[in-house]
């Protein structure tokens with residue numbers, strides 16, 4: 001039997017998801033579209049066959065990792081909005097590594113690229129961590145600013161050093177450095193699925209282990225709950241802040257690296273900071289920052305995104321409706337207190353009724 | 001306690017319903033009709049971006065309506081890409097939905113088209129603004145330098161300050177073609193006019209476009225030619241704000257006739273529009289594909305002569321418009337060649 005608190009932790013996200021779908025359905029009805037048909041198309045588009053499932057799992061990979069990254073810093077009490085910048089730095093540096101050391105054997109290239117991506121992500125978030133720990137700079141502001149620095153730096157670097165003249169994307173990385181192998185392509189009917197997925201899953205369990213079974217993870221949680229008490233208990237708060245931010249950056253950087261050498265195989269000039277960095281926050285919030293829960297919330301959001309593409313392909317409904325559903329889910333997670341109140345009220349009411357019945 | 005059970009059972013019921021429905025969904029692809037169908041994949045913008053994707057979509061819509069097709073699986077449709085990661089899944093979804101001809105709108109889709117075209121030799125693919133080899137791929141290019149040249153002539157004939165500006169999106173071969181054509185046009189009329197070239201580095205940032213255009217106007221440039229998609233929308237806002245305060249400034253639109261974007265209470269800031277008839281091209285190719293004359297493996301080029309590119313007069317003076325027309329004839333007859341680089 002689950003404990004009361006744990007049960008709520010499961011019921012509230014489920015209610016939020018359900019409510020999100022209902023809001024989407026109501027909206028579709030108002031505009032004269034068929035919600036059932038569209039949701040059927042959505043889920044068929046996300047899970048209907050091997051190809052779709054693999055596409056969904058591939059899309060889930062960066063969502064899960066940026067989500068985990070956000071969760072680690074959040075547990076330490078920091079709102080790391082720098083996911084997009086860390087992701088971009090990871091993507092960029094992984095591609096640079098794979099292009100620059102193209103003579104190395106494939107496996108070394110892959111491991112090197114991922115480590116390089118993780119390192120650059122860590123440096124990027126580490127800057128915000130150090131600023132916070134030693135100067136008290138708000139990490140919200142500094143990570144937002146670092147996102148823009150990453151965006152414009154990467155765009156500049158691509159144009160100046162990587163892209164052939166007249167192009168706005170880098171050359172493709174050598175095939176041996178790619179996480180997307182012919183074997184996987186044949187297995188998944190030509191989808192973009194790559195090995196990085198398994199690494200992401202591994203990371204989710206690693207983060208769970210870190211929080212629940214290690215001393216450092218305990219310190220992170222403790223600092224997040226009460227920095228003063230933690231300091232009094234003899235913990236090094238500054239060190240913990242920086243450690244949490246660095247782990248957060250490693251995960252987001254890794255998300256970028258895996259996308260870079262798994263999905264895109266190159267890097268292009270981006271118009272804006274990659275939205276997957278922000279979507280990761282939604283993944284973490286829906287799962288209540290529980291690493292195992294995030295496996296499911298990342299899968300859900302990925303399914304919504306990939307399945308959502310099918311909506312406009314198969315019907316006349318604009319696929320933007322999916323964004324409404326996703327936003328509503330986050331909204332309902334945000335007002336989880338309302339759900340908690342409803343549940344508590346329901347229990348009290350029933351209690352009162354029982355009492356009445358008893359009195360009669 | 002009970003309420004929790006109720007909720008749990010409600011969720012379980014919904015999930016079960018969902019599974020049943022998903023099961024049904026697989027049967028959808030069965031409706032076979034021998035009709036030619038076409039769909040496009042956007043390059044990150046939406047189909048109402050007042051620019052490239054919109055023109056393409058309007059062309060495809062017009063084609064569909066002429067042939068009495070409906071929007072949807074048995075007719076014409078679009079798939080919107082929210083990021084570059086969506087290109088391949090979108091194309092594959094369209095292939096699965098059995099569209100006969102698939103358009104990739106913009107050079108950014110070239111790698112995705114190249115890969116999927118190889119895997120699906122029976123589907124027709126069209127790439128706009130780039131060249132992809134393959135028997136089932138038609139490459140569509142535009143001589144934008146010609147319409148940009150005319151935009152340059154229009155700007156040179158209109159400027160009072162002898163300073164004009166060019167605002168580009170992301171710098172790449174496709175966009176520098178606009179820049180080079182524009183500069184040649186300006187200097188053909190008056191080599192003393194200075195052309196200020198700026199790139200925003202983005203096709204989707206109207207706010208950035210606005211601040212850059214405002215700076216350019218404040219620098220004394222009174223005509224700006226933008227080739228910046230959604231970023232260019234900001235140039236119109238900047239021009240309208242200045243025009244409302246009595247400053248005489250102009251924007252030359254791109255891709256579509258952007259006259260409506262320049263309208264404000266009391267006037268209009270759109271001087272002309274260097275249109276790129278992506279829509280006509282899409283319609284043309286879709287028609288050819290329908291008649292089994294799909295130009296697979298070929299590069300189809302649209303220019304001033306074939307009306308694939310053009311300069312539309314929005315608010316030019318009669319004298320300026322006359323000069324533009326003279327140059328247009330020269331280019332069409334081949335007396336004048338505009339360099340793309």
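Residue numbers (full-length UniProt numbering), protein chains in the order written: chain A, 1 to 360; chain B, 1 to 341.
Think of the CB as a built atom: it goes at the ideal place given N, C-alpha and C, for glycine as much as any other residue.
Since we're looking at a predicted model, the values are computed, not measured.
Query raised in the report: Taking 8 angstroms as the CB-CB cut-off, is residue 178/A touching chain B?
Result: Taking the first chain and counting its residues from 1, one reaches residue 178/A at position 178. It does not: the Cβ of residue 178/A has no partner Cβ on chain B nearer than 8 angstroms.
Query raised in the report: Cα-Cα, which of 106/B, 105/B, 36/B and 135/B is closest to residue 117/B?
Result: Here residue 117/B corresponds to residue number 117 of the second chain, with the count starting at 1. If we check each option's Cα against that of residue 117/B, 135/B comes out closest.
**Report entry** Nearest-angstrom Cα separation, counted from residue 227/B out to residue 206/B
**Finding:** Translated into positions along the second chain, residue 206/B becomes position 206. Translated into positions along the second chain, residue 227/B becomes position 227. Cα-Cα distance, rounded: 13 angstroms.
**Report entry** Interface partners of residue 159/A on chain B, CB under 8 angstroms
**Finding:** In the first chain, residue 159/A corresponds to position 159, counting from 1. In chain order: 171.
Query raised in the report: residue 306/A touches chain B at which residues, Cβ-Cβ below 8 angstroms?
Result: Here residue 306/A corresponds to residue number 306 of the first chain, with the count starting at 1. Going along chain B in sequence order, the residues near residue 306/A (Cβ under 8 angstroms) are 89.
Query raised in the report: Apart from the five residues just before and just after residue 311/A, which ones in its own chain have a Cβ nearer than 7 angstroms to its Cβ?
Result: Within the first chain, the letter at position 311 stands for residue 311/A. So the list reads 38, 41, 42, 317, 319, 321 and 322, once near-sequence residues are dropped.
Query - CB-CB length for residue 130/B against residue 99/B, believed under 8 angstroms - result: Position 130 of the second chain, counted from the first residue, corresponds to residue 130/B. Position 99 of the second chain, counted from the first residue, corresponds to residue 99/B. At roughly 20 angstroms, the Cβ-Cβ gap does not stay under 8 angstroms, so residue 130/B and residue 99/B are not in contact.
**Report entry** CA nearest to the CA of residue 311/B, picked from 155/B, 36/B, 63/B and 40/B
**Finding:** In the second chain, residue 311/B corresponds to position 311, counting from 1. Residue 311/B has its Cα closest to that of 155/B, out of 155/B, 36/B, 63/B and 40/B.
Report task. Can you say whether residue 215/A is buried or exposed, counting buried as having 16 or more other CB atoms within 10 angstroms of its CB? Result -> Residue mapping note: residue 215/A aligns to position 215 of the first chain, counting from 1. Residue 215/A comes out exposed.
Query raised in the report: Does the beta carbon of residue 25/B sit closer than 8 angstroms to a beta carbon anywhere in chain A?
Result: As a first step, residue 25/B is located in the second chain; it is residue number 25 there, counting from the start. Here the model assigns residue 25/B a pLDDT of 39, short of 50, so the residue's position is not dependable, and the following value carries that caveat. Yes - at least one Cβ of chain A is within 8 angstroms of the one on residue 25/B.
Query raised in the report: Is it right to say residue 179/B is buried, meaning 16 or more other beta carbons lie within 10 angstroms of its own, or is it exposed?
Result: Along the second chain, read from residue 1 onward, the residue named residue 179/B stands at position 179. Buried, by the Cβ-count rule.
Report task. Report the rounded CA-to-CA distance for residue 327/A versus residue 283/A, giving the unit in angstroms. Result -> Position 327 of the first chain, counted from the start, is the residue given in the question as residue 327/A. Position 283 of the first chain, counted from the start, is the residue given in the question as residue 283/A. Near 11 angstroms, if we compare the C-alpha coordinates of residue 283/A and residue 327/A.
Report task. Leaving out five residues on either side along the sequence, give the residues of the same chain with a beta carbon under 7 angstroms from the beta carbon of residue 289/A. Result -> One-based indexing of the first chain puts residue 289/A at position 289. The answer, listed in chain order, is 71, 74 and 75.
Query raised in the report: Does residue 21/B get closer than 8 angstroms to chain A when you measure Cβ to Cβ?
Result: In the second chain, counting from the first residue as 1, residue 21/B sits at position 21. Because residue 21/B sits at a pLDDT of 43, beneath the cut-off of 50, its placement in the model cannot be relied upon, and the following sentence gives the value as read from the coordinates. So yes, residue 21/B belongs to the interface.
Query raised in the report: With a Cβ-Cβ cutoff of 8 angstroms, do residue 307/A and residue 91/A count as a contact?
Result: As a position in the first chain, residue 307/A is number 307, starting the count at 1. As a position in the first chain, residue 91/A is number 91, starting the count at 1. Going by C-beta atoms, residue 307/A is not nearer than 8 angstroms to residue 91/A.
Query raised in the report: For residue 162/B, which residues does DSSP report across the bridge?
Result: What you label residue 162/B is simply residue 162 of the second chain in a count that begins at 1. The partner list for residue 162/B (beta bridge, DSSP) is empty, contrary to what the question assumes.
Report task. Locate the beta strand (DSSP E) running through residue 335/A, then write down its first and last residues. Result -> Residue numbering aside, residue 335/A sits at position 335 when the first chain is read from its first letter. Where residue 335/A is concerned, there is no enclosing beta strand (DSSP E), given that its DSSP letter is neither H nor E.
Query raised in the report: Taking the runs of the alpha helix (DSSP H) that are 4 residues or longer, which of them lie wholly in the stretch 143-226 of chain B?
Result: 144-158, 173-189 and 206-218
Requested in this report: Give a yes or no on whether the C-beta atoms belonging to residue 69/A and residue 280/A are separated by under 8 angstroms.
Outcome: Here residue 69/A is taken as the residue at index 69 of the first chain, counted from 1. Here residue 280/A is taken as the residue at index 280 of the first chain, counted from 1. In contact: residue 69/A and residue 280/A (Cβ atoms closer than 8 angstroms).
Query raised in the report: Quick check: the stretch 156-175 of chain B against the stretch 226-245 of chain B, are there 3 or more CB pairs under 8 angstroms?
Result: yes
Query raised in the report: Which residues mark the beginning and the end of the alpha helix (DSSP H) in which residue 212/A is found?
Result: Your numbering for residue 212/A matches position 212 in the first chain. Element bounds for residue 212/A: 196-213.
**Report entry** Per-residue DSSP class, three states only, for residue 103/B
**Finding:** Within the second chain, numbered from 1, the residue matching residue 103/B stands at position 103. In this structure, residue 103/B counts as strand in the three-state DSSP scheme.
Query raised in the report: At which residues does the beta strand (DSSP E) containing residue 318/B begin and terminate?
Result: Position 318 of the second chain holds residue 318/B. Taken as a continuous stretch (DSSP letters only), residue 318/B belongs to no beta strand (DSSP E), being part of the alpha helix (DSSP H) at 318-333.
Query raised in the report: Given a threshold of 16 other Cβ atoms within 10 Å of its Cβ, counted over all protein chains shown, does residue 241/A qualify as buried or as exposed?
Result: Within the first chain, numbered from 1, the residue matching residue 241/A stands at position 241. Buried: at least 16 other Cβ atoms inside 10 Å.
Query - CA-to-CA distance, residue 150/B to residue 329/A, given in whole angstroms - result: For the purposes of this step, residue 329/A is taken as the residue at position 329 of the first chain. For the purposes of this step, residue 150/B is taken as the residue at position 150 of the second chain. Going from the Cα of residue 329/A to the Cα of residue 150/B covers about 51 angstroms.
Report task. Use the C-beta contact count for residue 265/A: other C-beta atoms within 10 angstroms, 16 or more gives buried, fewer gives exposed. Result -> The count along the first chain starts at 1 and reaches residue 265/A at position 265. Burial call: buried.
Report task. Would you identify the three-state DSSP class for residue 21/A, choosing helix, strand or coil? Result -> To locate residue 21/A, count along the first chain from 1; it is residue 21. Here residue 21/A sits in helix by DSSP.
Query raised in the report: Can a CB atom of chain B be found closer than 8 angstroms to the CB of residue 108/A?
Result: Counting from one through the first chain, the residue named residue 108/A turns up at place 108. With 8 angstroms as the cut-off, residue 108/A does not count as an interface residue toward chain B.
Requested in this report: Can you check DSSP and say which residues form a bridge with residue 291/B?
Outcome: Numbered from its first residue, the second chain carries residue 291/B at position 291. In DSSP, residue 291/B forms no bridge with anything.
Requested in this report: Could you tell me how far apart the beta carbons of residue 116/A and residue 89/A are, in whole angstroms, since I believe they sit closer than 8 angstroms?
Outcome: Start at 1 with the first residue of the first chain, and residue 116/A comes out as number 116. Start at 1 with the first residue of the first chain, and residue 89/A comes out as number 89. That belief does not hold up - the Cβ atoms of residue 116/A and residue 89/A are roughly 10 angstroms apart, past 8 angstroms.
Query raised in the report: Can you find at least 3 beta carbon pairs, one from the stretch 89-105 of chain B and one from the stretch 241-249 of chain B, that sit closer than 8 angstroms?
Result: no
Requested in this report: State the start and end residues of the unbroken beta strand (DSSP E) segment that holds residue 169/A.
Outcome: Along the first chain, one-based indexing puts residue 169/A at 169. That residue, residue 169/A, is in no beta strand (DSSP E); it is neither H nor E in DSSP.
Query raised in the report: Of all the CB atoms in chain A, is at least one closer than 8 angstroms to the CB of residue 100/B?
Result: Residue 100/B sits at position 100 when you count from the first residue of the second chain. Closer than 8 angstroms: no.
Requested in this report: Pull up the DSSP beta-bridge partners for residue 41/A, would you.
Outcome: Here residue 41/A is taken as the residue at index 41 of the first chain, counted from 1. DSSP output for residue 41/A lists no bridge partner at all.
Requested in this report: With hydrogens ignored, establish whether the beta-carbon of residue 145/A is closer than 7 angstroms to any heavy atom of the ligand ZN.
Outcome: The ligand ZN is not among the ligands present in this structure, which contains no ligands whatsoever.
Query raised in the report: Grouping DSSP H, G and I as helix and E and B as strand, with all else coil, what is residue 48/A?
Result: In the first chain, the residue the question calls residue 48/A occupies position 48. Coil at residue 48/A, not helix or strand.
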